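Residue numbers (the working numbering): 46 to 131. From the three backbone atoms N, C-alpha and C, an ideal C-beta is built for every residue, glycine too. As the structure is a prediction and not an experimental result, all values here were calculated from the model.
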Amino acid sequence: MDETLALALTKEARLEIYMREYGEKILHMVYLMTKDRVTAEDITQETFVKVYRNMGSFRGESQIHTWIYRIAVNEAKKHLRKQAAT
46 MDETLALALT KEARLEIYMR EYGEKILHMV YLMTKDRVTA EDITQETFVK VYRNMGSFRG
106 ESQIHTWIYR IAVNEAKKHL RKQAAT
């Protein structure tokens, strides 16, 4: 997606586009990390909640998909740490 065009859209419209464009890829990556479909779905959802909340802080130093993937990886690692602690 053209980032200049994306910036002209509302946050909600951008989120919808990002979810459509990256949602399945994020879900697959998180599933590979967690080995659990329901957990992967929850983490994917939390990833996009964080994307929405923090959209204004995206500095454009990387591509948007890199930023979204990093959020997903961090969320999955956080889940795995919590799981290992119990």
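For this session: Return the residue from the list L54, F93 and T79 that minimises the CA-CA distance to R65.
Result: Nearest to R65 by alpha-carbon distance, out of L54, F93 and T79, is F93.
Exercise. Can you check whether the CB of I88 is closer than 9 Å to the CB of V75?
Worked result: Cβ atoms of V75 and I88: closer than 9 Å.
Problem set entry | Cα-Cα separation, Y114 to A129 | 22 Å
For this session: Could you check what DSSP says for K70 in three-state terms: helix, strand or coil?
Result: helix
Exercise. My guess is that Y97 and K56 are in contact by the Cβ rule of under 8 Å, so how many angstroms apart are they, rounded?
Worked result: Contact between Y97 and K56 holds: their C-beta atoms lie close to 6 Å from each other, under 8 Å.
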